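Report on one structure; see the data block that follows.
Residue numbers (my numbering): 786 to 1344.
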């Protein structure tokens, strides 16, 4: 069996830019110092900076030592240092100019999704300055995207020393011949090649990424790629007891204003796996729930436990116990209904609200919802779901087949049979007429498929289907509530190829929501988070940042 391949990245000049040498040159030009004065000084193996990078000094110790070295070198070279010169200002300029290369992060996410290992090697010092939040954000970002992060100040080894490469490869369990090194300096490239690694000198990023594609065999590295995903075993999990014998499971990531993600049918917190890291990196505290009846949350037997009134009260209790006074809610499918109902019935707890695919349907006291569903053929599947035990039997018969049928993308329509949600009652089942063998969609990896199977194999579909069995009680509850406009910021994201939640259903929402922003992804079906994660993340993050900025709430992104 062939060993796995790994791709290692130099932090400076590849993962983040600019390189310190570029900042030094700019600083020299600004302060009229000889070109290369600073670079020559810090390249000295016994310089304060290199000692700090090896962990022998902290930042606060390095600064005065490096100041003294600059004064001494200037005296030796007959160079006049400008008035007010300080290493501290140089390092602040380096810190403020540093940006993360998002194309590299996207590439890393694609590589890891295909089973490759990744690492970043970094010449860094220990930041004990007391204002090292930017250093902390960067380290947290790196740890969330790469399998291995090796800092020189923690290992005593600097890039491009051979022992640092060897240490990284040992941790990854990969031999040198199976590893690729990306750096923008010839010294680092030579050192990697001397160990038997393949190395790429990064001068033009698209060209360098093509070489990554050639080495790894992973396609689309240079094109549109999937964002980073959550690994269920590596993310933080928690549980909140809502009441005796009922608890909600959640996954949490990030720091900042809270954003709560509510999934739909038949899903899991994991359905937001591509959004959780992106929103956390953007500066938000992300809480993704297993909704009641799903995954590791409790699945009570009583149908009434799944009414929208009860679900919303559960979320309020969840927020109370998590110490979250107000939250931005993002929902999809049934989760979309939940977040709209929270905004209507518990508006003081909702800072802003966003829904994917599911519009805000105005409640009509004069129209029985069950009778209305009979007039809309694509809603016939909901009538089929009403009798307990019937749909459960069909869906639980072969979980792998069930999820392959449900989770398909718009681009798979020629390969994966699609569900016809009309005429289900007459056919005698949602899956009747579909072949026994269903190919797995490109939006559903084998890992993801197995995860969904494990989440449903014990509790089955009874809890999730019970959400559909409260249509009349939900209607009566909403009819009893005041029907005021929603005044908080709101986002409605529609998709052009959703076969059930059609964009046309969202017409007129501006009449009920004055502060409504719209997003639309035309070539996308129902499973928006999985099918078009990059476009969705762009829409969500832009809206979240604008919304919190407009309400005076600070957001500090990692990226």
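Ideal Cβ positions, reconstructed from N, Cα and C, are used throughout, including at glycine. These numbers were taken from a predicted model, which means no experiment stands behind them.
Checklist entry - With contact counted as at least three CB pairs below 8 Å, one residue from each stretch, are the region 1244-1257 and the region 1078-1087 in contact? => result yes
Next on the checklist: On the DSSP letters alone, give me the boundaries of the beta strand (DSSP E) that residue 1035 sits inside.
Outcome noted: 1031-1038
Next on the checklist: Going residue by residue through the region 1047-1133, where are the continuous beta strand (DSSP E) segments of at least 3 residues, counting only ones entirely within it?
Outcome noted: 1070-1075 and 1112-1117
Checklist entry - If we count the other Cβ atoms within 10 Å of its Cβ and call it buried at 16 or more, is residue 869 buried or exposed? => result exposed
Checklist entry - Which residue spans inside the region 1243-1285 form an unbroken alpha helix (DSSP H) run of at least 4? => result 1247-1251 and 1256-1264
Checklist entry - In angstroms, rounded to a whole number, what distance separates the CA positions of residue 1142 and residue 1051? => result 15 Å
Next on the checklist: Pop quiz: residue 936 and residue 907 are said to be a contact at Cβ under 8 Å. What is the actual Cβ separation, rounded to whole angstroms?
Outcome noted: 5 Å
Next on the checklist: If I measure Cβ to Cβ from residue 1325 and keep anything under 6 Å in the same chain, skipping five residues before and after, which residues do I get?
Outcome noted: none
Checklist entry - Distance, Cα to Cα, residue 927 vs residue 1075? => result 27 Å
Checklist entry - Measuring CA to CA, which of 815, 1018 and 1333 is closest to residue 1233? => result 1018
Item to check | Three-state secondary structure assigned by DSSP to residue 999 | outcome: helix
Item to check | Three-state class that DSSP yields for residue 1312 in the structure shown | outcome: coil
Checklist entry - Could you check where the alpha helix (DSSP H) with residue 928 kicks off and where it finishes? => result 918-930
Item to check | Short Cβ contact (8 Å threshold) for residue 896 with residue 792 | outcome: yes
Item to check | Counterpart residues of residue 794 in DSSP-defined beta bridges | outcome: 905 and 967
Checklist entry - What are the start and end residues of each continuous alpha helix (DSSP H) run of 4 or more residues lying completely inside the region 843-872, in chain order? => result 844-861
Checklist entry - What number of angstroms, rounded off, separates the C-alpha of residue 1090 from the C-alpha of residue 1096? => result 7 Å
Item to check | First through last residue of the alpha helix (DSSP H) which encompasses residue 983 | outcome: Premise fails: residue 983 lies in the beta strand (DSSP E), 983-986, not in any alpha helix (DSSP H).
Item to check | Same chain, Cβ closer than 8 Å to residue 786, neighbours up to 5 away in sequence not counted | outcome: Annotation note: pLDDT 42 at residue 786 (below 50); position unreliable, coordinate value reported separately. Excluding residues within five positions, none has a Cβ falling inside 8 Å.
Checklist entry - So, is residue 916 buried or exposed, given that buried needs 16 or more other C-beta atoms within 10 angstroms? => result exposed
Checklist entry - Exposed or buried, which one is residue 1345 when buried takes at least 16 other CB atoms within 10 Å? => result Residue coverage of the chain in this structure runs from 786 to 1344, which leaves residue 1345 outside it and unanswerable.
Next on the checklist: I'd like the list of long-range same chain contacts for residue 1228, defined as Cβ closer than 6 Å, with 5 residues on each side in sequence excluded.
Outcome noted: 1194, 1315 and 1316
Item to check | Backbone CA spacing between residue 1040 and residue 1339 [nearest angstrom] | outcome: 11 Å
Checklist entry - Can you give, in chain order, each stretch of the alpha helix (DSSP H) that sits fully within the region 791-834 and has at least 4 residues? => result 805-815 and 822-828
Next on the checklist: Please return the same chain residues whose Cβ sits closer than 6 Å to the Cβ of residue 858, not counting the five positions on each side in sequence.
Outcome noted: 826
Next on the checklist: Going by the DSSP bridge assignment, what does residue 1045 pair with across the sheet?
Outcome noted: 1072 and 1114
Item to check | Proximity below 8 Å, CB of residue 980 to CB of residue 947 | outcome: yes
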